[in-house]
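Engineer:
Residue numbers (the working numbering), protein chains in the order written: chain X, 1 to 262; chain U, 263 to 939.
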């Protein structure tokens, strides 16, 4: 009897340990889907919600992203450093990680030509104990009905060039031409990094000089947003950018440079 | 001799002698332009005209003109020579000199006309070269403990050099501009090179043929397939402006290129657009009545470049268009029509996707009932029109990648201006999924746009000085747009009915005084999402800007922006404040100071998924500058500066993101502007 009890207890403990093995137990996205046009690449923001049952401080990480058809064909797989997402949490808990995904129109059109009305963006999250994945669904719609998203941005100075030498005291400005699909609210900041301004990580310190909050809709011409007068009180190289805070963008914010001369 | 006969003879002689000599001299005299004193005629050289034996009475009736400007009042006569001495050197190139006689019968007789060539030298009609150079050395003398492998070194050199030159002779001209930049901290540069070319342009013209190499705008009219194409590359054109004729070819970079490694901009086949463009006004006797143009282009490139953000996928394609732009009813009615076609490969040639062919057209009707009309002594303008634009779903041009296609738009518009008042209104309806692709659905958008500006006329005193009320010279503007979208053809993800509704109202008032100005703008917007997939939001914003010059020494420029985004779905507000202050003070002719302050504050609640934000960034910069020597022509100047900056980030949600940095720099700046004459 006692021996049988020990065997049964061991089996129960063994299976109990299997069921409570530390791992990422589920992944969701917010939103669960979005609408993408078939003729433009767009950046769509989402939040990954990865649930880990690991006790204690744990890093929930995703190292690879895939675009797939609903039939499972992998259209593109990327594991570059820019695609790594990671967040430390105190588990068990949910790691909430924001990502802005650039949905390439080339992959959308390939999926469309294969007869599908959507494309899937898959990520797998692991906390070192086990992984789980989910797909963000991008449904294909007409251009006007697409989720509000930025397709591209181009920066220029008032001389229509991407660099400029400005005489100190002269009033100059820059502009950002932004292409969007759908309609919605755009929020961004014009930011300038002055000469020599670096933080403790050696990165240039970009200081906001103007905030832009505006409702816009897609048009055959991009929306032009003008900067304020550029600071010229200090000689040397300045770096300028228009950082779009909302909606998120899935590409690197371009930076243009101007020099203040005597 | 019979006394009577003698008297008659004397009278005849007197009558003959007293008759206007000009009428008899008129048939014979010809002025001569005297040669310059040297081998060539220079800009400040006096122009001398000799008229032998000219009677004084006739001299008073002469008019001397240079380039159609009457200069008679400054012409000096010494004997037979009439001399015009330019008050400032005349420009290089061809000029016209003319002598005209104002006859007694009020007729004007052109007595002489000459073309003169003002030149720099025998070999070149003109040549010039100039340099604008600024070199700065800075040393970080205090850095609040900035240490580590990623921190830039304490010493930094930067410089900017603008070279410009020009030469011309006979019927050719050459101009060159090159900007070169230097930064010893290569991590801060575009290409990680200390020295680099920022931009350049070389223009050579011979007669009607012009060649451009470098950064320039392509001389092709804006259309559905090309919009403001300004890139690095090469273009050649044959241009006859008097005939309205322009024909040219171009090869430029697909996306913007910065730096010397980009070469001439046309050498990389994966990033190059090339094409031909023709513009003509074929009606010889009515050049302004009709203009036709056509452009054909093709190439490869991407939406991501040195100054662009977007999809880095290399795409390729070609496009062609034809435009006819005509005026009728004495230029009151304008009709512009365009047809275009494109073939576009979204993943570049030779990859999985084939090229997609598609087309587009545009029609514009614009009517102005009155030209040059005045109402109560002020110009009155009225214009209304209609536009139809249809862009196929996959219509796309390499020279207009940023344009969003898939539209079938009908729009009516109206504009009125009078006495500083300008009113514009437009109402349009647009459908998408132009190619009717199965499964995508279709949305219809109705958009209303209103713009009103008012700039009261500036009044002046008798002495010419402006009359300014206590509120300054104002300028007001109000703009409103509303956009309503609905689904008119359902799809698996789109249900029939309302989609979104967006509106925005913004008003600005700006006031200008003699030595200061200020402006305020208010905005309010709203968006409703009827599908439940996106939030309903409302925004409010205020902007204040001012610029004061107090006396001769002090300038103050404050600015303040505040905006709030109210998410009606989650009930969370996001508030942003950006404030700035710049102060400049001139202590004396050699020493000046500047101070700038920037604040950015953001606050937003959390909905359980998106984290809360409570973050404040402040930035201070102070500088004192000593102008040791001002740069003078061909002599460099020197300025020494002491600069300090402090940057603080306070993150109340994640204190590990809080940081502060203080740095002090000593800098020396040399400015030099040598130039040839």
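The beta carbon of each residue, even a glycine, is placed where N, CA and C say it ideally should be.
Starting from residue 604(U), trace the alpha helix (DSSP H) both ways and give me its first and last residue.
Structural biologist: Segment 595-607 is the beta strand (DSSP E) holding residue 604(U); no alpha helix (DSSP H) there.
Engineer: When the Cα atoms are used, what is the spatial distance from residue 758(U) to residue 146(X)?
Structural biologist: 15 angstroms
Engineer: Mark residue 4(X) as exposed unless 16 or more other C-beta atoms lie within 10 angstroms of its C-beta, in which case mark it buried.
Structural biologist: exposed
Engineer: Spell out the partners DSSP gives residue 154(X) in its beta bridges.
Structural biologist: DSSP lists 177(X) and 570(U) as the beta-bridge partner residues of residue 154(X).
Engineer: Among 245(X), 116(X), 25(X) and 55(X), which one has its Cα closest to the Cα of residue 68(X)?
Structural biologist: 116(X)
Engineer: Three or more C-beta pairs under 8 angstroms: does that hold for the segment 156-164 of chain X against the segment 192-201 of chain X?
Structural biologist: no
Engineer: Per the DSSP calculation, residue 234(X) is bridged to which residue(s)?
Structural biologist: DSSP lists no partner for residue 234(X).
Engineer: Within 10 Å of its beta-carbon, does residue 280(U) have 16 or more other beta-carbons around it, so buried, or fewer, so exposed?
Structural biologist: Caution is warranted here: a pLDDT of 42 is assigned to residue 280(U), below 50, making its placement in the model unreliable, and no coordinate value can be reported.
Engineer: Give a yes or no on whether 8 angstroms exceeds the smallest Cβ distance from residue 66(X) to chain U.
Structural biologist: no
Engineer: On the DSSP letters alone, give me the boundaries of the alpha helix (DSSP H) that residue 105(X) sits inside.
Structural biologist: 105-113
Engineer: How about residue 665(U) and residue 251(X): do their beta carbons lie closer than 8 angstroms?
Structural biologist: no
Engineer: Could you confirm whether any beta carbon from chain U is found closer than 8 angstroms to the beta carbon of residue 39(X)?
Structural biologist: yes
Engineer: Tell me the rounded alpha-carbon separation between residue 704(U) and residue 749(U).
Structural biologist: Using only the alpha carbons, I get a separation of about 6 angstroms.
Engineer: When the Cα of residue 691(U) is compared with those of 671(U), 781(U) and 381(U), which residue comes out closest?
Structural biologist: 671(U)
Engineer: Given residue 433(U), which residues of its chain have a CB within under 8 angstroms of its CB, disregarding the five upstream and five downstream residues?
Structural biologist: 468 and 469
Engineer: Okay, do the segment 620-632 of chain U and the segment 643-651 of chain U touch, 3+ Cβ pairs below 8 angstroms being the bar?
Structural biologist: Touching, per the Cβ criterion.
Engineer: Whose Cβ in chain U lies nearer than 7 angstroms to the Cβ of residue 161(X)?
Structural biologist: 461 and 477
Engineer: Consult DSSP for residue 683(U) and reduce its assignment to one of helix, strand or coil.
Structural biologist: Here residue 683(U) sits in strand by DSSP.
Engineer: Measuring alpha carbon to alpha carbon, tell me which of 414(U), 521(U), 720(U) and 424(U) ends up nearest residue 937(U).
Structural biologist: 424(U)
Engineer: Can you check whether the C-beta of residue 235(X) is within less than 8 angstroms of a C-beta belonging to chain U?
Structural biologist: yes
Engineer: Leaving out five residues before and five after residue 353(U) in sequence, what residues of the same chain have Cβ atoms less than 8 angstroms from its Cβ?
Structural biologist: The residues are 305 and 380.
Engineer: Using a Cβ-Cβ distance cut-off of 8 angstroms, determine whether residue 472(U) contacts chain X.
Structural biologist: no
Engineer: Exposed or buried, which one is residue 224(X) when buried takes at least 16 other CB atoms within 10 Å?
Structural biologist: By the 10 Å Cβ count, residue 224(X) comes out exposed.
Engineer: Using the Cα positions of residue 774(U) and residue 477(U), report the straight-line distance between them to the nearest angstrom.
Structural biologist: Straight-line Cα distance between these residues: approximately 36 angstroms.
Engineer: Which stretch, first to last residue, makes up the alpha helix (DSSP H) that contains residue 996(U)?
Structural biologist: Beyond the ends of chain U as shown, which are 263 and 939, falls residue 996(U); an answer cannot be given.
Engineer: Strictly below 9 angstroms CB to CB, what residues from chain U border residue 210(X)?
Structural biologist: Chain U residues near residue 210(X): 805, 821, 823, 840 and 842.
Engineer: Exposed or buried, what is residue 139(X) when buried is set at 16 or more other beta-carbons lying within 10 Å of its beta-carbon?
Structural biologist: buried
Engineer: Quick one: grab the DSSP three-state call for residue 893(U).
Structural biologist: coil
Engineer: Considering only C-alpha positions, which residue in the set 40(X), 256(X) and 183(X) is nearest to residue 241(X)?
Structural biologist: 256(X)
Engineer: So is residue 247(X) in contact with chain U if we call contact Cβ pairs under 8 angstroms?
Structural biologist: no
Engineer: Please report the residue range of the beta strand (DSSP E) in which residue 82(X) lies.
Structural biologist: No beta strand (DSSP E) holds residue 82(X); DSSP gives it neither H nor E.
Engineer: Given a limit of 7 angstroms on CB to CB distance, which residues of the segment 558-579 of chain U reach chain X?
Structural biologist: The residues in question are 565, 566, 568, 569, 570, 571, 572, 573 and 575.
Engineer: Between residue 704(U) and chain X, is there a C-beta pair that is closer than 8 angstroms?
Structural biologist: Judged by the 8 angstroms Cβ criterion, residue 704(U) is in contact with chain X.
Engineer: In three-state terms, what does DSSP make of residue 616(U)?
Structural biologist: coil
Engineer: What is the DSSP secondary structure of residue 561(U), reduced to helix, strand or coil?
Structural biologist: Residue 561(U): strand per DSSP, three-state reduction.
Engineer: Are the beta-carbon atoms belonging to residue 459(U) and residue 529(U) less than 8 angstroms from one another?
Structural biologist: No. Outside cutoff.
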